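Undergrad:
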Amino acid sequence: MTTLESPPSDNDSAFDEPVGKAGDKVFFGLSFGAAALILITLAAVAFFLFIQGLPTFTGDGTELDGDGSFFAYVGPLVFGTIYLSCIALLLATPVAIAVALYISHYAPRKVAQTLGYFIDLLAAIPSVVYGLWGITVLAPVISTSMFPWLRDNLGFIPVFGSDVAIAQSGRSTFTVGVVLAVMVLPIITAISREVFLQTPRLHEEASLALGATRWEVIRQAVIPYGRSGVISGAMLGLGRALGETMAVAIILSPARGYFWDVLTAQNSNSIASNIALQFPESSGLEVNRLIATGLVLFLLTFGVNAIARRVANAGFSGADG
Amino acid sequence: MNRPAVKHPNQSKVDTPVTESISALQATQTDSVVDPNAPVDMPNRIDVKDLDIYYGDFKAVENVSMTINPNSVTALIGPSGCGKSTFLRSLNRMHEVISGAYVDGSVIINGKDLYGPSVDPVAVRRKIGMVFQRPNPFPTMSIADNVLAGKKLNSKRLSKSDANDLVEKSLRGANLWDEVKDRLDKPGSGLSGGQQQRLCIARAIAVEPDVLLMDEPCSALDPISTLAIEELMLELKDAYNIVIVTHNMQQAARVSNRTGFFSIEGTGKPGKLIEMDATEKIFSNPSKQETQDYVTGRFG
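Chains A and B supply the protein sequences, listed in that same order.
With my numbering applied, the first sequence closes on residue 321, and no number is skipped along the way.
With my numbering applied, the second sequence closes on residue 1300, and no number is skipped along the way.
#1: Measure the Cβ-Cβ separation of A/F298 and A/L49 and say whether it is below 8 Å.
#2: Going by beta carbon distance, what residues of the same chain come within less than 6 Å of A/P200, once the five residues before and after it are set aside?
#3: Can you list, in chain order, the residues of its chain with a C-beta nearer than 6 Å to that of A/L197? Leave out the 5 residues immediately preceding and following it.
#4: Would the segment 149–162 of chain A count as touching the segment 245–253 of chain A if we require 3 or more Cβ pairs under 8 Å?
#5: Does the distance from the C-beta atom of B/P1070 to that of B/M1042 stay below 8 Å?
#6: So, using beta-carbon positions, are B/A1149 and B/V1167 closer together than 8 Å?
#7: Taking Cβ-Cβ distances shorter than 9 Å, what residues in chain B pair up with A/E364?
#8: In its own chain, which residues sit with a C-beta less than 6 Å from the C-beta of B/T1028, not counting the 5 before and 5 after it?
#9: A/H105 CB to nearest chain B CB: under 8 Å?
#10: To the nearest angstrom, how far is the alpha carbon of A/A319 from that of A/S228?
#11: What does DSSP give as the partner residues of B/Y1054 in its beta bridges?
#12: Here's the rule: buried if 16 or more other CB atoms are within 10 angstroms of the residue's CB, otherwise exposed. What is B/V1295?
#13: Using a C-beta to C-beta distance shorter than 8 Å, which residues of chain A count as neighbours of B/R1134?
#14: Which residue's Cα is closest to the Cα of A/I322: A/R256, A/T81, A/A92 and A/T301?
#15: Identify the residues that DSSP records as bridge partners of B/P1187: which are they?
#16: Quick check on the DSSP output: the beta strand (DSSP E) that includes B/K1281 runs from which residue to which?
#17: What separation, rounded to the nearest whole angstrom, lies between the Cα atoms of B/P1286 and B/A1075?
#18: For the beta strand (DSSP E) containing B/D1215, name the first residue and the last one.
#19: Please report whether the beta-carbon of B/A1123 lies at a distance below 8 Å from any beta-carbon of chain A.
#20: Strictly below 9 Å CB to CB, what residues from chain B border A/T136?
#21: Taking C-beta pairs closer than 7 Å, name the residues in chain A that B/A1149 reaches, listed in chain order.
#22: Please return the same chain residues whose Cβ sits closer than 6 Å to the Cβ of B/S1021, not counting the five positions on each side in sequence.
#23: What residue does the alpha helix (DSSP H) around A/M235 start on, and which one ends it?
#24: Please confirm whether any heavy atom of the ligand PLP lies closer than 7 Å to the CB of A/L89.
#25: Under the assumption that B/S1142 contacts B/G1188 (Cβ atoms under 8 Å), give the Cβ distance between them as a whole number of angstroms.
#26: Out of curiosity, what's the CA-to-CA distance linking B/G1266 and B/V1103?
#27: Can you find a C-beta in chain B that's less than 8 Å from the C-beta of A/A206?
#28: Identify each residue in the segment 262–286 of chain A for which the Cβ-Cβ distance to at least one residue of chain B is less than 8 Å, and report them in chain order.
#29: Could you tell me which of B/M1130, B/K1049, B/G1268 and B/F1262 sits nearest to B/A1202, measuring between CA atoms?
#30: Quick one: what's got a C-beta closer than 8 Å to A/V141's C-beta in the same chain, skipping five residues either side?
#31: Can you find the residues in the same chain that come closer than 6 Å, C-beta to C-beta, to B/I1205, ignoring five residues on each side of it along the sequence?
#32: Please list, in chain order, the chain B residues whose beta carbon lies closer than 7 Å to that of A/T213.
#33: Using a Cβ cut-off of 9 Å, pull out every chain A residue sitting near B/G1129, in sequence order please.
#34: Taking 8 Å as the cut-off, decide whether the C-beta atoms of B/V1124 and B/N1092 are in contact.
#35: Identify every residue that forms a DSSP beta bridge with B/I1244.
#36: Suppose you measure from the CA of B/K1112 to the CA of B/P1121; what does that come to, to the nearest Å?
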């Protein structure tokens, strides 16, 4: 075996010449700093909530109304928050899926674009506007038309048929649920639309070639592929509904306690709305207690987002292939 | 490759050659193996007449007329962009998934024009199945559910035992049964590429189509899987009318009875059927110089 001499190199092709790396370093520093800032902010908020909320547990409970137990105070609020959000999700998700499917698979391109634009616009409306619309327009209308109908026809479902009178003003859990549903609709629609559009053409054609109608293609290829995306979209919507403040604060007439009936004037408040309503009139330990409820909301939302993330990741890797 | 005599159980019993019965006609056809181009008078023959295919203003395929005989494999070859895939897809109206697609001309099978005014493309696809370039089993379905996917579309209630029988029969038909019989409830996406493609063939034959279209079914597979699919095609042609588009000329030579050669004059021009003949003739002694150039590798 003969060895070959490496041909002599001219200086231009030397590997050991340094390449300018200053730009790399600066950009790395900037992007790392930005990423770190997110974590620092998050930690700062959590730290503030914890420190400011702590006196609720260590301080003298007699200063507070009720029996002073924090969990008795926050319990109905957690219930109200989750209950309102779930109603919103229950109403919004089917509509969002239908709208997303219409945009992705039925509508002509022009219509789809326009509709998508208007859906996104829904997300841009400030929540205080939704609140005002809810109390001045929606509440009076549905309390006279829909509420009696729901009670008469769906009264066999416990949440609709109670002995307590219908809220004549319409300021009830159901109304808030509807308004929150409109507010979370854009998020769920946008994410569902994206995953439906990403359905591999391969799978849709597989279905078509078997003689599937358009609806059957959707059932066989599109929805199974997009299921995890829809779920994570719904979870993000839930995250928004949980933290919604103004719309709830404006519309709802809250009471303290656990109330399942959705049409009556007695309703459980949500955490965020309760903070907004109580904060101006609070002092001392009451403020600490409100901040502690804020910590609970923070953890709740954090948990929902974590679940959404996990569902999305699991789903996409599973559907790929 | 000579056109193999069609084996048919009824063949030996035929004693009335003048009748219109299928078996009699098959016997006649078997006697005349000398001319594979002669249209056989049997069910599921496809007659394409003066077919132009358009995508909006763009004419993709121009003036194709051909007869595709049943119980045989017909291969379509040609350079990229020559319209052979488009033509294949027009045989079960799958090209219509691109909006603005339409055809001029007729495709007649069993006396019916696929493009007749009252014909539903969905019904066409239930009778004319298709296997695609890349294996595409439904990723969220089990192997068994994949096989049954087409059958379930007819929304007939299938009894458990009937379903199991159909799964076994279809998977056996696709030479896949022995490899997957112990994991029918596992997802189809866990199989190898070649197995997935055979699963797709099983899914296509489970609905008992009249015709099976294959759009480059082996181009994403390794040589061993390709061999398995080619053997399968040779088995399936006894029961189905198979049309295959392939880039692989050796494959066309190995599996097909007749071959059609498509070509285009240039980009933006419509594809045309240059010639169609017995596979052996196309690859040894084609009538057109263009075909000769292509099959000998001088262009394309």
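For glycine and all other residues, C-beta sits at the position ideal for the given N, C-alpha and C.
No experiment lies behind these values; they were computed from the predicted model shown.
TA: In short:
#1: Here residue 298 of chain A refers to the residue found at position 298 of the first sequence. Here residue 49 of chain A refers to the residue found at position 49 of the first sequence. For A/F298 and A/L49, yes; Cβs fall inside 8 Å.
#2: Walking along the first sequence from the start, residue 200 of chain A turns up at place 200. If we look at A/P200 and ignore the five residues flanking it on each side, it has no Cβ neighbours.
#3: The residue labelled residue 197 of chain A in the question sits at position 197 within the first sequence. Within the same chain, A/L197 has close Cβ partners S104.
#4: The segment 149–162 of chain A is not in contact with the segment 245–253 of chain A.
#5: The sequence position of residue 1070 of chain B within the second sequence is 70, counting from 1. The sequence position of residue 1042 of chain B within the second sequence is 42, counting from 1. It is a contact, given that the beta carbons lie within the stated cut-off.
#6: If you number the second sequence from 1, residue 1149 of chain B lands on position 149. If you number the second sequence from 1, residue 1167 of chain B lands on position 167. Cβ distance not < 8 Å, so B/A1149 and B/V1167 don't count as in contact.
#7: Any property of residue 364 of chain A remains undetermined from this structure, which presents chain A solely from 1 to 321.
#8: Locating residue 1028 of chain B in the second sequence gives position 28, where the first residue counts as 1. Reliability fails at B/T1028, whose pLDDT of 44 lies under 50, so the model's placement of it is uncertain and no value is given.
#9: Here the question's residue 105 of chain A lines up with position 105 in the first sequence. By this cut-off, A/H105 is not an interface position.
#10: Reading the first sequence from its first residue, position 319 is the one you call residue 319 of chain A. Reading the first sequence from its first residue, position 228 is the one you call residue 228 of chain A. Model confidence at A/A319 stands at a pLDDT of 43, short of 50, so the residue's coordinates are unreliable; what they give is reported in the following sentence. Distance between A/A319 and A/S228, taken at the CA atoms: about 9 Å.
#11: Taking the second sequence and counting its residues from 1, one reaches residue 1054 of chain B at position 54. Bridge partners of B/Y1054: B/K1059 and B/Y1102.
#12: In the second sequence, counting from the first residue as 1, residue 1295 of chain B sits at position 295. Buried.
#13: For the purposes of this step, residue 1134 of chain B is identified with residue 134 of the second sequence, where counting begins at 1. Against chain A, the beta carbon of B/R1134 has neighbours under 8 Å at L202, listed in chain order.
#14: Since the first residue of chain A shown is 1 and the last is 321, residue 322 of chain A is not available in this structure.
#15: For the purposes of this step, residue 1187 of chain B is identified with residue 187 of the second sequence, where counting begins at 1. Paired residue(s): B/S1142.
#16: For the purposes of this step, residue 1281 of chain B is taken as the residue at position 281 of the second sequence. No beta strand (DSSP E) holds B/K1281; the alpha helix (DSSP H) holding it covers T1279 to S1284.
#17: Residue numbering aside, residue 1286 of chain B sits at position 286 when the second sequence is read from its first letter. Residue numbering aside, residue 1075 of chain B sits at position 75 when the second sequence is read from its first letter. The straight-line gap from Cα to Cα measures roughly 15 Å.
#18: Here residue 1215 of chain B refers to the residue found at position 215 of the second sequence. That run of the beta strand (DSSP E) goes V1211 to D1215.
#19: The residue labelled residue 1123 of chain B in the question sits at position 123 within the second sequence. B/A1123 counts as touching chain A.
#20: Position 136 of the first sequence, counted from the start, is the residue given in the question as residue 136 of chain A. Ordered by position in chain B, no residue passes the 9 Å Cβ test against A/T136, which lies about 44 Å from the chain.
#21: For the purposes of this step, residue 1149 of chain B is taken as the residue at position 149 of the second sequence. By Cβ distance, chain A contributes L210 and Q220.
#22: Position 21 of the second sequence, counted from the first residue, corresponds to residue 1021 of chain B. With a pLDDT of 44 at B/S1021, under the threshold of 50, the predicted position of this residue should be treated as unreliable, though the coordinate-derived value follows. Nothing meets the Cβ criterion.
#23: Here residue 235 of chain A is taken as the residue at index 235 of the first sequence, counted from 1. Per DSSP, A/M235 belongs to the alpha helix (DSSP H) from I223 to G243.
#24: In terms of ligand content, the structure shown is empty, and the ligand PLP therefore cannot be addressed.
#25: The count along the second sequence starts at 1 and reaches residue 1142 of chain B at position 142. The count along the second sequence starts at 1 and reaches residue 1188 of chain B at position 188. Between B/G1188 and B/S1142 the Cβ distance is about 7 Å, and since that is below 8 Å, they are a contact.
#26: As a first step, residue 1266 of chain B must be located in the second sequence, where it is residue number 266. As a first step, residue 1103 of chain B must be located in the second sequence, where it is residue number 103. Whole-angstrom Cα-Cα distance: 21 Å.
#27: The residue you call residue 206 of chain A lines up with position 206 of the first sequence. It does: the Cβ of A/A206 has a partner Cβ on chain B nearer than 8 Å.
#28: none
#29: Your numbering for residue 1202 of chain B matches position 202 in the second sequence. Per the Cα distances, B/M1130.
#30: One-based indexing of the first sequence puts residue 141 of chain A at position 141. So the list reads G170, once near-sequence residues are dropped.
#31: Numbered from its first residue, the second sequence carries residue 1205 of chain B at position 205. S1170 and G1173.
#32: The count along the first sequence starts at 1 and reaches residue 213 of chain A at position 213. Correct list: V1122.
#33: Counting from one through the second sequence, the residue named residue 1129 of chain B turns up at place 129. Under the 9 Å cutoff, chain A gives A209, L210 and G211.
#34: Start at 1 with the first residue of the second sequence, and residue 1124 of chain B comes out as number 124. Start at 1 with the first residue of the second sequence, and residue 1092 of chain B comes out as number 92. Yes. Within cutoff.
#35: By one-based count along the second sequence, residue 1244 of chain B stands at place 244. Answer by DSSP bridge pairing, in chain order: B/A1075 and B/M1214.
#36: Here residue 1112 of chain B refers to the residue found at position 112 when the second sequence is read from its first residue. Here residue 1121 of chain B refers to the residue found at position 121 when the second sequence is read from its first residue. C-alpha separation (whole angstroms): 13 Å.
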